[in-house]
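Taking the numbering used here, I'd label the letters of the sequence shown as residues 35 to 176. Backbone N, C-alpha and C define an ideal beta-carbon position, used for all residues, glycine too.
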Amino acid sequence: RENVIISQEELLMMMEGAGMKCTQATLSRDLRQLGISRGFDGSGGYRYLLPSGREEAVETLPDNATAAITGMTWARGLLLISTPPGYASAVAIRIDRAGRYEIAGTVAGDDTILLIPRDSINNEAVEECLRTIFESRTITNS
């Protein structure tokens, strides 16, 4: 929590400096098991975030969060949302935390979100829901 780590190599060097030996493969596995992941830091870069850092990621999402949504495409009743690299998790967290009935859930990658609407909810209702969550009139599908 005291250091900002931007790469596994940097973390390995810090560990070595503290007298700990570890391979990159072991470190990678351990980070994954601990829920520590590399995420957007809010200033154009990336860093490793502790599991509680998910809340921090949401904090770094700009107030005009629609800038973080670069495109939307419907496919077989599912919505793919495109974001700049590193923004998907923060956008998905904001969607999930809104707790809207229309949205069953989201799955986020680095720059893409899969949004799963509830059964019988039409596309327009989901898009209106997103406009409400992000307080914007500019969210439209591409």
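Assuming contact is defined by CB atoms lying nearer than 8 angstroms, are residue i and residue j in contact in what I supplied?
i, j, result
"G73", "S41", "no"
"L113", "V160", "yes"
"R81", "V38", "yes"
"I129", "I167", "yes"
"D145", "T117", "yes"
"L68", "C56", "no"
Using three-state DSSP, classify residue i as helix, strand or coil.
i, result
"R63", "helix"
"V141", "strand"
"R72", "strand"
Determine which residues share a DSSP beta bridge with residue i and list them.
i, result
"P151", "I137"
"G105", "S116"
"T57", "Answer is none; T57 lacks a bridge partner."
State the CB to CB distance for the pair residue i and residue j, rounded to an integer number of angstroms; the pair is presumed to be in contact (CB under 8 angstroms).
i, j, result
"A138", "P119", "A138 to P119, Cβ: 26 angstroms. No contact."
"L149", "I103", "With a Cβ gap of about 11 angstroms, L149 and I103 do not count as contacting."
"V125", "I155", "With a Cβ gap of about 19 angstroms, V125 and I155 do not count as contacting."
"R131", "C163", "In fact, because the Cβ distance is near 13 angstroms, the residues do not count as touching under 8 angstroms."
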